[in-house]
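Input: a single structure, listed below in C-alpha cells.
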Amino acid sequence: MTDVSPISANPREVAAQIFRARAHSAEVEARPQSEITNKPRSFNPPMPKRYYYYLMAPAIAILAFISLYPFFWLIVMSLQDVDIGGGEWVGFKNYVKLFSDGRFLDGWWLLAQYSVMCLGLQVGLGVLLAVVVNSSKYEKYLVTALLMPMMMAPAVAGLLWLFLYNGTFGWYHWILQSAGILDNASILASANTAMYAIVLVDVWQWTPLITIIALAGLKRVPRDQLEANMVDGASPLRNFFAITMPNLYPVLLIAVLLRFMDNFRFIDSVLVLTGGGPGSATKILPVYLFEVAFKFFKLGRGAAIALTLLIVTIILGKLLVRVFEKPQNEKG
Amino acid sequence: MATVTIKNVWKYYGETPAVKDLNITCPDGSFVSILGPSGCGKSSTMRMLAGLEHISAGDILFDDQRVNDLAPKDRDVAMVFENYALYPHKTVYENIANPLRLRKASEDTIKARVTGAAKLLEISHLLERRPHELSGGQKQRVAIGRAIVREPKLFLFDEPIAHLDAKLRAHMRGEIKHLQRSLGTTMIYVTHDQLEALSMADYIAVMHDGELQQWGTPAEIFNHPVNAWVAGFVGEPAMNFLTCDIKGQGDDVLLRHSNFEIPLLPGQVRQLNGAAQAGTARMGVRPDALSISMTRPDEAAMQGEIFVNELLGGDMLVEVQLDDCRIRVKTTPEFEGKPGENCFLSVNRDKWHVFDAGDGHAYF
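Which chain is which? The protein sequence lines are R and S, in order.
The working numbering puts the first residue of the first sequence at 75, with every later residue one more than the last.
The working numbering puts the first residue of the second sequence at 281, with every later residue one more than the last.
In C-alpha cells, the structure reads:
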C-alpha cells in the first residue's frame with residue numbers, strides 16, 4: 075500500500091515540489107514573446123487573395139446576370155426616350171421633366187403620408203399587441219391567429235377588403251353609415267376616405283409582422299433589469315419605456331426597415347382597391363410609376379422615376395438606421 | 281432601517297411548495313444571512329421580501345407595517361441581484377442615480393449622493409463608463425452603489441458575489457460586512473456558501489426544502505447544529521458521520537461502533553435523557569475535533585488505516601479508513617503518516633454531536 079501515491083507523503087517535499095513547479099511556470103510566462111520560436115503550425119495556411127475571388131466568381135457571374143445587368147439597363151433606359159421597338163438618346167431630359175411633373179411631386183407627398191401613417195400605426199399597434207400577447211397564457215394560439223393576414227397574398231387581401239368597403243353590400247360601409255360617420259358616398263370612391271382605407275388594409279395585413287418581431291424582442295429583455303428597476307422605484311409604464319423599449323430598438327429597426335421599403339414597393343392591394351383613384355387621391359408614387367411605365371409605356375420616364383425612388387429609399391433607409399442605432403450605440 | 285418579520289409565510293409555484301411556513305424575525309440593523317443549497321426556497325423568500333413574487337400565505341412586516349400588497353417601488357427596499365442587473369444603455373453614474381431619479385430627487389442631491397457612494401465603493405474613476413466596460417468586481421460595486429445611494433429601510437442581497445473569483449470574493453466579504461456596519465441598515469443576504477454566511481452575518485437562517493432548519497448566530501449554527509442536515513451543510517471540510525449503537529454500562533453510556541467504544545461525558549448523558557437508550561444513533565464529529573497519531577494514545581482511540589493525505593497549505597487533511605467507512609481528520613502539515621499505514625484517532629468529546637438515527641435531530 076505504500077506505493078499508492080507517487081508523490082512523497084512528506085509535506086515539506088510536496089510543498090517544495092509545488093513551489094518549484096510554480097517558479098518554473100512563472101519563468102516561462104516571463105519570457106518575452108519573441109523568444110518563443112516554435113509557433114503552432116496553422117492547419118489553414120492563408121492563400122493568395124485571388125484564390126478567394128476564383129471561389130466567388132461563379133456566384134458573382136450569376137448575380138451579375140440576373141440583377142446587375144437589368145439594373146444597368148434601367149439606368150441606360152432612364153436616359154432614353156424608349157418606345158416599343160427602340161429608344162432615342164435624350165440625356166437627362168427624363169429627369170429634368172420630372173420636376174415639372176405635378177403628379178410626380180404629388181405622388182411623393184401621398185407616398186410620404188401613406189408610409190408615415192402605415193409605419194406609425196403598425197409600430198404602435200404591433201408593439202402593443204406584442205406586449206398583450208406576451209403576457210397572455212394563450213400566446214401560442216394568438217400568434218397563429220395573428221399570422222393569418224400575413225399569409226394572404228396582398229392582391230387577395232385587397233380583394234377581400236374591396237368587398238368589405240363595397241358601397242352596396244360592404245360590411246364596413248354599412249357599419250360606418252349606420253353610425254352616421256359616413257354619408258352615402260362609398261369609402262373608396264371618396265377622396266376623403268380612400269387614403270385611410272388603403273392604410274387600414276396595409277395595417278391589417280402587416281401589423282402582425284411587427285408583433286411577431288417585437289414579441290421575439292420582448293423575450294430577450296432581461297428580467298433582472300426589469301426587476302431591478304422596479305425595486306429602484308419605477309412604475310410598470312416607466313419600466314416599459316426605460317428598460318423594455320431600449321432592448322426592443324434593434325429588432326424594431328429591422329421591422330421598420332422592412333415595412334418602410336415594402337411601402338415604397340408593394341402596391342398590389344392599392345392597385346386592386348383604388349388603382350390610385352378617386353382622381354389621384356391615392357396615387358402614391360409607385361402607383362404613378364406603374365401607370366407611366368406599363369399603362370402609357372413611357373419606359374424611359376418610368377425608369378427615371380424608378381431610379382429616383384430607389385435613391386430616396388436608400389437615403390431614407392440609411393437615415394433610419396442611424397436614428398435607431400443611437401440608443402444602440404450607447405449600449406456599445 | 282426596519283425590523284423585518286416573516287410570519288407563517290408560504291410560497292407555492294402551482295402545486296409545488298417552495299417555502300413552507302417560514303417564521304423569521306430580523307432585528308433592526310442586523311445582518312441576516314439566509315443560507316441553503318439551491319432550490320431550498322431562499323431566493324423565493326428574498327423575492328417575496330422585495331415584492332417581486334406574490335406571497336401565497338402569511339404576512340411580511342417591515343416594523344409594524346404589513347407589506348404584502350405593496351408594489352416593489354413602495355416598499356423602500358434596495359436589492360442587489362446575482363447577475364448585477366445593471367442597465368447596459370446607461371453610464372455607471374446614471375445607473376447609480378436611477379433610484380434617486382425615479383424618486384424625483386433634485387440634481388444636487390443626486391450628484392452629492394452618487395459621488396458619495398462612488399467614493400465609498402472606490403469607483404469614482406468609473407462613473408463615465410458603461411457596464412460592459414467593467415470587470416465583474418466593478419459591476420458588483422456599481423450594483424451595490426445603486427442599492428446604497430437611496431438609504432433604504434432594508435437591503436436585499438441575492439448571492440451578489442457568487443460570480444466573482446475566490447480572491448475577490450474573500451475581499452468583498454469584508455467590504456460588504458464593513459459597509460453594512462457603517463450604514464447600520466438591516467440587511468438580508470442570501471447565499472449558498474456557508475463560509476460567506478458564517479463570516480459575515482449576525483444571524484443565519486438555514487433553510488432546506490423550503491423549511492427553516494435553524495436560526496441562530498454563526499457560532500450557534502456551527503457549534504450547536506439542531507440536526508444532522510445543518511451539521512453536514514455548515515462547515516468545510518464537512519462533518520463526519522458514523523452510525524453507532526448507544527449502550528448503557530453501569531453509570532456510563534457508551535457510544536459503540538465496530539471499531540471503538542467511547543463513553544459520553546456526564547453532561548451529555550443527561551442531554552441524551554434516556555431517549556435513545558439502547559438504540560442506534562449517528563455520531564457527528566468535525567475533522568478538527570479529531571486528532572490523529574501513529575501510536576495508540578489511549579484505550580478508547582479508534583484504529584484505522586490512512587487512505588489519502590491532502591495538503592491544504594497550512595493544514596493537512598487525512599482521510600482514514602475506519603472498517604467500512606471513511607472519516608476525515610484535520611491535522612498539521614508536519615504529520616508524517618503515509619497512505620496505507622495504521623493510525624489512531626481520538627475524539628475531543630466536548631465537540632462531538634449525537635443525532636437521532638431517525639429524524640436526525642440533535643441530542644447535543
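Here a beta-carbon is modelled for each residue, glycine too, at the ideal position from N, C-alpha and C.
All of these numbers come straight from a predicted model, not from anything done at the bench.
For S/Tyr364, the secondary structure class from DSSP, reduced to helix, strand or coil, is coil. For the pair S/Thr497 and S/Asp308, the CB atoms are not nearer than the 9 Å cut-off.
Inter-segment contact for the segment 313 to 325 of chain S and the segment 476 to 492 of chain S is present: three or more beta-carbon pairs are separated by less than 8 Å.
In this model, S/Lys610 and S/Gln529 are separated by some 31 Å (Cα to Cα). CA-to-CA, the gap between S/His472 and R/Gly391 works out to about 51 Å. Pairing R/Met319 with S/Pro352 gives a Cβ-Cβ distance that is not under 9 Å.
Of the candidates R/Thr281, R/Leu384, R/Arg396, R/Phe338, the residue whose Cα lies closest to the Cα of R/Leu203 is R/Thr281.
Take R/Ser343, set aside five residues on each side of it, and the residues of its chain with a beta-carbon closer than 8 Å to its own are Pro228, Ala229, Ala231, Gly232, Trp235, Ile272, Val275, Asp276, Gln279, in chain order. Here S/Gln494 is buried, its C-beta having at least 16 other C-beta atoms within 10 Å.
For R/Pro324, the closest Cβ of chain S is not nearer than 9 Å.
Contact annotation, S/Gln548 with S/Phe635: C-beta distance approximately 13 Å; criterion of less than 8 Å not satisfied. The C-beta separation of R/Val197 from R/Leu326 comes to about 7 Å, placing the pair in contact by the 8 Å criterion.
The Cβ-Cβ distance between R/Val207 and R/Thr285 falls below 9 Å. Not flagged as an interface residue toward chain R: S/Phe342, since no C-beta distance is shorter than 9 Å. For S/Phe437, not one C-beta of chain R is nearer than 9 Å to its own C-beta. Closer than 9 Å to the CB of S/Tyr469 there is not a single CB belonging to chain R. Under the Cβ criterion of 9 Å, R/Arg396 is not counted among the residues facing chain S. The residue among S/Thr283, S/His537, S/Leu592 with its C-alpha nearest the C-alpha of S/Asp604 is S/His537. The three-state secondary structure of S/Met326, taken from DSSP, is helix.
With respect to S/Arg562, S/Phe521 sits close: the two C-beta atoms are nearer than 9 Å.
Inclusion of S/Arg355 and S/Lys433 in the CB contact set at 9 Å is warranted, their separation being smaller than that value. When C-beta distances to chain R are compared with 7 Å, the residues of the segment 355 to 372 of chain S below that value are Val357, Ala358, Met359, Phe361, Asn363, Ala365, Tyr367, Pro368, His369, in chain order. Residues of the segment 294 to 308 of chain R with a C-beta atom less than 8 Å from some C-beta of chain S are Pro296, Asp298, Gln299, Glu301, Ala302, Asn303, Met304, Val305, Asp306, Gly307, Ala308, listed in chain order. S/Val588 and S/Asp349 have their C-alpha atoms roughly 57 Å apart. Cβ atoms of S/Ile376 and S/Ala392 stay farther apart than 8 Å, at about 12 Å. Close to S/Leu332, with beta-carbon spacing below 8 Å, are these residues of chain R in chain order: Glu301, Met304, Val305. Using a Cβ-Cβ cut-off of 9 Å, S/Ala282 does not count as an interface residue toward chain R, since no Cβ of chain R sits closer than that to its own. If you look at R/Ala271, you'll find it in the alpha helix (DSSP H) that goes 268 to 294. Closest option to R/Gly350, judged by alpha-carbon separation, among R/Thr267, R/Leu193, R/Ile389: R/Thr267. Along the segment 441 to 470 of chain S, there is no position whose C-beta sits under 7 Å from a C-beta of chain R. The three-state secondary structure of R/Glu399, taken from DSSP, is helix. Contact check for S/Phe311 and S/Ala481: beta-carbon distance about 5 Å, within the 8 Å limit, so the pair qualifies. By the neighbour-count definition (other C-beta atoms within 10 Å, threshold 16), R/Phe166 is an exposed residue. Residues of the segment 374 to 402 of chain S with a C-beta less than 8 Å from any C-beta of chain R: Asn378, Pro379, Leu382, Arg383, listed in chain order. With fewer than 16 other Cβ atoms inside 10 Å of its own Cβ, S/His451 counts as exposed. For R/Ala253 and R/His247, the gap between their C-alpha atoms comes out near 10 Å.
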